[in-house]
Structures are given as C-alpha cells and as structure tokens.
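S.K.: Take this structure first; my questions come after.
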Amino acid sequence: MSRFRKDPDPRFWRLNRSIEFDWRLAPYDIDQSQAHARGLCAIGVLDDDELAKIDTGLEQVRARMGAHGFQFDDSDEDIHMAIERLLGEEIGPLAGKLHTGRSRNDQVATDVAMVVQVHSLQAIELAGATMERLLELAERHRDWPMPGYTHLQRAQPVYLGHHLLAYFWMLARDVLRFQFALDSASVMPLGSGALAGVNWEIDRRAVADDLGFEHVSPNSIDGASNRDFVLDYLAAASTCAMHLSRFGSEIVIWSSSEFGFCELDESFSSGSSIMPQKKNPDSAELLRAKSPRVGASYAALLGTMHALPLTYGKDMQEDKEPLFDAIDTVELCLEATEGMLEGIEFDRERLEEASGDEVLAATEVADLLVRKGVPFREAHGIVGGLVRDALAQGKALSELTPEELQKSSEHLDDSFYDLLKRDSWLESKRIEGGTGSEALANQIAFAHETLGAVKERVRDERDS
Ligand code: ARG
C-alpha cells in the first residue's frame with residue numbers, strides 16, 4: 083500500500099477482490115488468528131494483556147460479522163484484511179501486532195485447509211447416513227427379485243437388496259476418499275510465511291495442536307504453494323457426486339410408467355404446471371444433473387494450479403469458488419439422497435414380472451451344458467440359437483419342444499425345463515459377492531461392519 087501513490091483502478095479492484103466469496107473463511111480465520119496470537123504470546127511477542135485484548139477483540143469481530151445487517155466495507159479486499167480492519171476498530175493499533183510472523187499466503191492456505199478438514203468429515207458423516215438408509219432398504223428387499231441390466235437391457239435377475247447395496251459400496255469408497263482428503267488437509271501450512279518461513283520461532287507444533295492439525299508442513303515453499311488438499315477434496319466430491327448421479331438416473335428410469343419399479347415420495351417429486359396427472363422425479367433428475375459441476379470444479383482448480391510456478395500466485399485465490407460450490411453441491415446431494423431413500427417405495431410385482439423373463443436364464447442354460455462337458459463358448463452359441471428359435475416362433479424358452487432341444491444339443495434334456503424356474507437362477511449365484519441369498523446375507527453382515535466403522539470414525543473425529 084505504502085509504495086503506491088495511485089489507488090487501484092476500479093476494474094482491477096473488482097478483478098482482485100475476493101471478499102464476495104472468501105467471507106466464508108471468516109470463522110476459520112478468526113480461530114486461526116486466536117491460535118496464532120497464543121503462539122506469539124508463548125514466545126513473548128505479545129504479553130498476556132495484549133493476547134487477552136486481541137482474543138476478545140476477535141470475538142467482538144466474530145459477533146459483529148454474525149449480526150443481522152452486517153456489511154463489509156467497499157475498501158475490504160479480502161476476508162483477512164477485513165478482519166484486521168474490524169479488529170483495529172475494536173482494539174486500536176494493537177491489532178497491527180497480530181500479523182507478526184505471518185503472511186496472508188500461509189494464512190489463507192491454513193484457512194482453506196481447515197475448511198477442507200471440516201467438510202471432509204461432514205461428507206463422511208452424510209455419506210454414512212445415506213449408507214445406513216441403503217442398508218435398511220437392502221435388508222427389507224433382500225429377497226425381491228428384479229432384472230439386472232447391462233446396456234440397459236435385461237441381463238440376469240438379481241435381488242433388489244443386492245442392487246441397492248452396490249450403491250452402499252460406492253459410498254463406502256467415497257468415505258475412504260474423503261478420509262484421504264481429511265488427512266491431506268491435516269498438515270498445517272502456518273509458519274511458512276510468504277514462502278521462506280518466518281523470522282519468529284513460533285512453536286508451530288503447539289499452534290497446530292491448538293487448531294486441530296495433525297502435522298506441520300515440513301517445507302515452507304511447499305506449505306505456501308500447496309493446494310493438493312483442495313484437489314483431493316474435489317476429486318473425492320466429484321466421484322461421490324458421479325455415484326449419486328447414477329443412482330438418480332436409475333430412479334428416473336425406474337419410476338417411469340414403462341418400468342414402474344419404484345415411486346418416490348411426494349415430498350421429493352414435483353407436479354406439472356399443465357398436466358395434472360404428472361408426478362415427476364425432479365429430485366432424481368437433479369442428482370443426475372448436479373454431478374458434472376462438481377467434476378468441473380475439480381477440472382477448474384487443476385487448471386489453475388497447472389504449471390503454476392512456486393510459490394504463491396494470485397491465481398491461487400481462484401481455489402475458493404470451486405471448493406465452496408463443490409461443498410455445497412455434494413452435501414446437498416447427499417442429504418437429498420438420504421431423504422429420497424427414506425420415502426421410496428418399490429413395486430414387488432412389477433420387479434418380479436420383469437425378472438421372470440425366461441431369456442434371463444440364458445447364462446444358466448449355457449452353464450447347464452458346461453456341466454455336461456460342453457465348452458462354454460460352444461454352449462454360448464447353442465443357447466444363442468435356442469433364444470433365436472424361440473423368438474422367431476414367438477415362444478418362451480420353456481415352450482420349446484424336447485425335439486427342438488435335442489436338435490440344438492443332445493445334452494438338452496428335462497433338466498432344461500427345471501432350470502427355467504427363476505429362483506434357481508438367483509440362488510445359483512452362491513459365490514462370494516454374488517446375489518444368492520446366503521452370499522447376500524454375508525454381504526449384509528459385512529456392510530453392517532463397514533457402516534459401524536464409518537460411524538465410529540465420525541464419532542472419534544468429532545470428539546477429538
Ligand atoms: N485473498 C488472497 C487469496 O485468497 C489472500 C492471499 C493474498 N496473498 C498475497 N500475497 N496477495 O489467495
């Protein structure tokens with residue numbers, strides 16, 4: 083400021099100003115400043131009286147900012163400068179001592195790391211709640227047959243509980259990714275200064291402890307220039323939102339009149355302004371459509387950081403909007419998914435009818451031939467021929483005559499007809515991870531264990 087004789091051009095000011103979005107850092111910036119002040123006091127840069135004044139002053143700033151009708155000044159460039167200005171209004175020139183041994187570069191990195199920690203944990207908690215709903219639904223529908231699909235063509239029957247648990251495991255992996263983001267944000271940059279470290283021997287580990295960081299950054303250059311933890315969060319959030327989009331997409335399809343597999347609760351559906359009969363699955367459509375913006379946030383920050391020379395560049399101010407948008411989007415989508423799952427109803431008859439299509443037994447018939455010594459590829463060809471014949475004659479597979487079967491393969495005897503009873507197609511999938519009832523029961527038990535571990539993790543983090 084002092085070096086300049088001119089005020090910033092208003093166009094530059096608008097470009098450079100980050101308070102429109104970084105106001106969200108305020109509570110973190112204040113917590114950080116209070117811990118920093120304690121660190122300064124511990125090495126004698128502030129005396130106890132000064133520390134107390136700064137501490138209460140910051141609390142007053144917090145209260146002022148939280149009060150109804152509070153507005154920033156046109157002259158506030160970013161949240162850090164604004165808080166410093168407000169602190170000055172509360173406690174006078176002493177406010178200026180707070181910035182000893184700190185740069186906005188390590189300050190902002192520390193604030194953002196705190197945000198990532200808080201919201202990684204939040205995402206884990208929300209994912210856990212959604213996993214719990216999925217597991218409940220899976221248990222309730224563990225023996226409801228439905229068609230499983232590939233290419234959105236009926237492929238093989240599965241139990242609905244098995245299908246629902248597929249989403250459970252996606253979210254379980256999301257939890258691991260958010261946990262990774264949490265860990266990567268648990269390294270405190272504060273103390274890195276502008277880039278070289280600061281001239282004051284503040285006990286960084288004590289400050290880190292104070293702020294709930296596990297570690298301190300081992301290199302000040304890396305500390306000031308690192309935004310990997312934001313990318314880690316965004317990557318986790320992108321994948322999670324993608325998972326929810328696939329769920330949303332299936333709900334849209336399943337709730338169509340053509341499928342009629344499920345119905346969302348009215349509280350998660352919309353009507354049409356012109357067609358009174360309509361009940362539209364808007365919530366599921368939005369899960370589908372919200373996902374790409376999260377991925378775009380990841381791509382945006384990756385682009386910002388790409389080829390950026392060390393250490394800090396103002397480019398990095400662009401880390402916040404993608405992060406905040408991804409946080410808001412993925413948290414909302416997780417909460418909405420949980421809500422949708424609370425009221426969803428499945429139609430047992432429709433599911434069962436669709437899964438009774440005999441062509442879904444094609445693989446079973448092929449395996450029957452394999453058990454009689456026919457190589458699988460050959461069996462695949464024989465059954466393909468049977469399906470073709472049946473379709474051409476407008477018959478079900480079970481309506482083919484023994485003679486027709488014999489023409490296709492000498493191994494096709496009465497066991498063929500027994501096989502076309504659907505239950506066996508499901509129950510033959512006894513392999514670990516398969517849809518068979520016993521395997522599914524084991525899967526459900528493992529899901530309970532996994533969910534228990536997620537909940538325990540959240541409890542531990544919240545307590546610490
Ligand atoms: N508003 C800035 C940001 O978000 C704070 C850091 C400013 N540092 C600097 N050297 N100008 O990145």
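Quick note on the numbering used here: the sequence shown kicks off at 83 and runs consecutively. Note that the Cβ used here is the ideal one computed from N, Cα and C, for glycine as well. Quick caveat: nothing in here was measured; it's all calculated off a predicted structure.
Looking only at its own chain, which residues have a Cβ that is under 7 angstroms from the Cβ of residue 417, when we skip the five neighbours before and after it?
M.R.: On the sequence shown, position 335 is the one that residue 417 refers to. Excluding sequence neighbours, residue 417 sits near 208.
S.K.: Which whole-angstrom value is the C-beta distance of residue 180 and residue 423, which I expect to be below 8 angstroms?
M.R.: By 1-based counting over the sequence shown, the position of residue 180 is 98. By 1-based counting over the sequence shown, the position of residue 423 is 341. At roughly 47 angstroms, the Cβ-Cβ gap does not stay under 8 angstroms, so residue 180 and residue 423 are not in contact.
S.K.: With three or more beta-carbon pairs closer than 8 angstroms as the criterion, would you say the region 475 to 488 touches the region 193 to 205?
M.R.: Too few Cβ pairs lie closer than 8 angstroms, so no.
S.K.: Classify residue 361: buried if its beta carbon has 16 or more other beta carbons within 10 angstroms, exposed otherwise.
M.R.: Translated into the one-based positions of the sequence shown, residue 361 becomes position 279. Residue 361 should be labelled exposed.
S.K.: Beta carbon of residue 182, beta carbon of residue 323: below 8 angstroms?
M.R.: Along the sequence shown, read from residue 1 onward, the residue named residue 182 stands at position 100. Along the sequence shown, read from residue 1 onward, the residue named residue 323 stands at position 241. No.
S.K.: Looking at residue 293: is its Cβ nearer than 8 angstroms to the Cβ of residue 203?
M.R.: As a working note, residue 293 is residue 211 in the sequence shown. As a working note, residue 203 is residue 121 in the sequence shown. Contact flag unset, no.
S.K.: Please tell me whether residue 191 and residue 305 are closer than 8 angstroms, where the distance is taken between their beta carbons.
M.R.: By one-based count along the sequence shown, residue 191 stands at place 109. By one-based count along the sequence shown, residue 305 stands at place 223. Yes; because the gap between Cβ atoms is below 8 angstroms, this pair is in contact.
S.K.: If you check the beta carbons only, do residue 154 and residue 101 fall under 8 angstroms apart?
M.R.: As a position in the sequence shown, residue 154 is number 72, starting the count at 1. As a position in the sequence shown, residue 101 is number 19, starting the count at 1. It is a contact, given that the beta carbons lie within the stated cut-off.
S.K.: Quick one: Cα of residue 213 to Cα of residue 261, how far?
M.R.: One-based indexing of the sequence shown puts residue 213 at position 131. One-based indexing of the sequence shown puts residue 261 at position 179. Approximately 16 angstroms, taken between the alpha carbons.
S.K.: Between the C-alpha atoms of residue 221 and residue 331, what's the straight-line distance to the nearest angstrom?
M.R.: Position 139 of the sequence shown, counting from 1, holds the residue named residue 221. Position 249 of the sequence shown, counting from 1, holds the residue named residue 331. Going by the C-alpha atoms only, they are around 22 angstroms apart.
S.K.: Cα separation between residue 224 and residue 162?
M.R.: Numbered from its first residue, the sequence shown carries residue 224 at position 142. Numbered from its first residue, the sequence shown carries residue 162 at position 80. Approximately 54 angstroms between the Cα atoms of the pair.
S.K.: Would the beta-carbon of residue 312 be found less than 7 angstroms away from any heavy atom of the ligand ARG?
M.R.: Within the sequence shown, the letter at position 230 stands for residue 312. No, Cβ of residue 312 sits at least 7 angstroms from all heavy atoms of the ligand ARG.
S.K.: Starting from residue 463, follow the alpha helix (DSSP H) in both directions and report where the run begins and ends.
M.R.: The count along the sequence shown starts at 1 and reaches residue 463 at position 381. DSSP places residue 463 inside the alpha helix (DSSP H), whose first and last residues are 458 to 474.
S.K.: Taking 7 angstroms as the cut-off, is the C-beta of residue 198 nearer than that to any heavy atom in the ligand ARG?
M.R.: The residue you call residue 198 lines up with position 116 of the sequence shown. Checking every heavy atom of the ligand ARG against the Cβ of residue 198, none is found closer than 7 angstroms.
S.K.: Tell me the start and end of each unbroken alpha helix (DSSP H) in the region 94 to 177 that is at least 4 residues and wholly inside, in chain order.
M.R.: 101 to 104, 108 to 124, 130 to 148, 161 to 173
S.K.: Using 7 angstroms as the cut-off, classify the Cβ of residue 396 as near or not near the heavy atoms of the ligand ARG, replying yes or no.
M.R.: Numbered from its first residue, the sequence shown carries residue 396 at position 314. Checking the Cβ of residue 396 against the ligand ARG gives yes.
S.K.: Considering residue 237, what are the terminal residues of the beta strand (DSSP E) in which it resides?
M.R.: For the purposes of this step, residue 237 is taken as residue 155 along the sequence shown, with counting starting at 1. Per DSSP, residue 237 belongs to the beta strand (DSSP E) from 235 to 241.
S.K.: Is residue 190 near the ligand ARG, with its Cβ less than 7 angstroms from a heavy atom?
M.R.: Residue numbering aside, residue 190 sits at position 108 when the sequence shown is read from its first letter. Indeed, a heavy atom of the ligand ARG lies less than 7 angstroms from the Cβ.
S.K.: Name the DSSP beta bridge partners of residue 428, please?
M.R.: Position 346 of the sequence shown holds residue 428. DSSP output for residue 428 lists 344 as bridge partner(s).
S.K.: Report the residue from 159, 503, 473, 271 whose alpha carbon sits nearest the alpha carbon of residue 434.
M.R.: In the sequence shown, the residue the question calls residue 434 occupies position 352. Checked all of 159, 503, 473, 271; the closest Cα to residue 434 is 503.
S.K.: Between residue 399 and the ligand ARG, is there a pair consisting of the residue's CB and a ligand heavy atom that are separated by less than 7 angstroms?
M.R.: Residue numbering aside, residue 399 sits at position 317 when the sequence shown is read from its first letter. Because some heavy atom of the ligand ARG lies under 7 angstroms away, the Cβ of residue 399 counts as near it: yes.
S.K.: Quick one: grab the DSSP three-state call for residue 480.
M.R.: Residue numbering aside, residue 480 sits at position 398 when the sequence shown is read from its first letter. DSSP places residue 480 in helix when its eight states are reduced to three.
S.K.: Would you decide whether residue 473 is buried or exposed? Buried here means 16 or more other CB atoms lie within 10 Å of its CB.
M.R.: Stepping through the sequence shown from its first residue, residue 473 is reached at position 391. By the 10 Å Cβ count, residue 473 comes out exposed.
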